[in-house]
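As structure tokens, the structure follows; a few thoughts come after it.
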Amino acid sequence: MFSVHRCVINNFFARFIMDQLLDILNEINSDVDYEVCDTLIDDGIFSSFDIVSLVGELNDAFDIDITPVDIVPENFNSAEAMWEMIQRLQD
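The sequence shown begins at 3 in this note's numbering and counts up one residue at a time.
Below, the structure is given as structure tokens:
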């Protein structure tokens, strides 16, 4: 029973983080469907200024420290990739 309860809590927090991330992304550019787009960097949807702003927002919102080593297309091409990076940096 305990493991089921932990799973529900983990899913709740994961969804909360994703919702918060989507809110931040929509503030930067509301014309993108972040649930499906996986080429935010590759297709130039985000400018370098957008990335700088996004890094600051993510650091503040999730109490993480995104370093220059983390700022690679693989971590910013999609909301899912950003979510995974946030999860990794929070551990």
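Ideal placement from N, C-alpha and C gives every residue a C-beta, glycine not left out.
(message) Check whether the segment 34–43 and the segment 55–66 touch, using three or more Cβ-Cβ pairs below 8 Å as the test.
(response) no
(request) Could you tell me the distance, in whole angstroms, from the CA atom of residue 52 to the CA atom of residue 88? (result) 17 Å
(request) May I have the straight-line CA-CA distance separating residue 78 from residue 55, to the nearest angstrom? (result) 13 Å
(message) Can you tell me whether residue 50 is buried or exposed? The criterion is at least 16 other CB atoms within 10 Å of its CB, across all chains shown.
(response) exposed
(request) Return the first residue and the last residue of the alpha helix (DSSP H) that residue 58 is part of. (result) 50–64
(message) Which residue marks the beginning of the alpha helix (DSSP H) containing residue 77, and which one marks its end?
(response) Run containing residue 77: 75–78, per the alpha helix (DSSP H) assignment.
(message) Determine whether the beta carbon atoms of residue 26 and residue 59 lie at a separation below 7 Å.
(response) yes
(request) Can you have a look at residue 32 and say buried or exposed, based on whether 16 or more other CB atoms are within 10 angstroms of its CB? (result) It is exposed - the Cβ of residue 32 has fewer than 16 other Cβ atoms within 10 Å.
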